[in-house]
Amino acid sequence: MLKIKGYEAYFVLVPQHIFVIVNIKEKLLNKKALYVNDKAFYILESTAKGSQIGFRLKYKFDEIEAIINPFINKELLVKTLDYR
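For the sequence shown, this note's numbering gives the first residue as 3, with consecutive numbering after it.
Dropping the structure here:
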């Protein structure tokens, strides 16, 4: 559905879990974003009941095993990663 709506989104693989990140054009107030290659992505935690866009990052950077483009099943080349 995200792709149909025109959003850039990826799967983030961490130990024993996966979550979705999505790029939203406007900045969400009072929400931190995961900056991948200097582009802001907000975390969608689909397994957390009542979760909204902008879920907090609960993992360390070295726990991120891969960021995958689910539409072409290819790993994203990550040059920079920041959470702010």
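Quick reminder that beta carbons are idealized off the backbone N, C-alpha and C, glycines included. Computed from a predicted structure; not experimentally measured.
For G56, the closest C-alpha among the options K27, F63, L36 is that of L36. DSSP places D84 in the strand class (E or B) of the three-state scheme.
Its chain contains G56 as the residues whose beta carbon lies nearer than 6 angstroms to that of K33, once the 5 sequence neighbours on both sides are disregarded; these appear in chain order.
By the neighbour-count definition (other C-beta atoms within 10 Å, threshold 16), I69 is a buried residue. Distances from the CA of K62 to each of K7, V22, L83 were compared; the closest alpha carbon is that of L83. Apart from sequence neighbours up to five positions away, no residue of its chain approaches Q54 with a beta-carbon distance below 7 angstroms. Per the C-alpha coordinates, the member of L15, Y44, Y9 positioned closest to E65 is L15.
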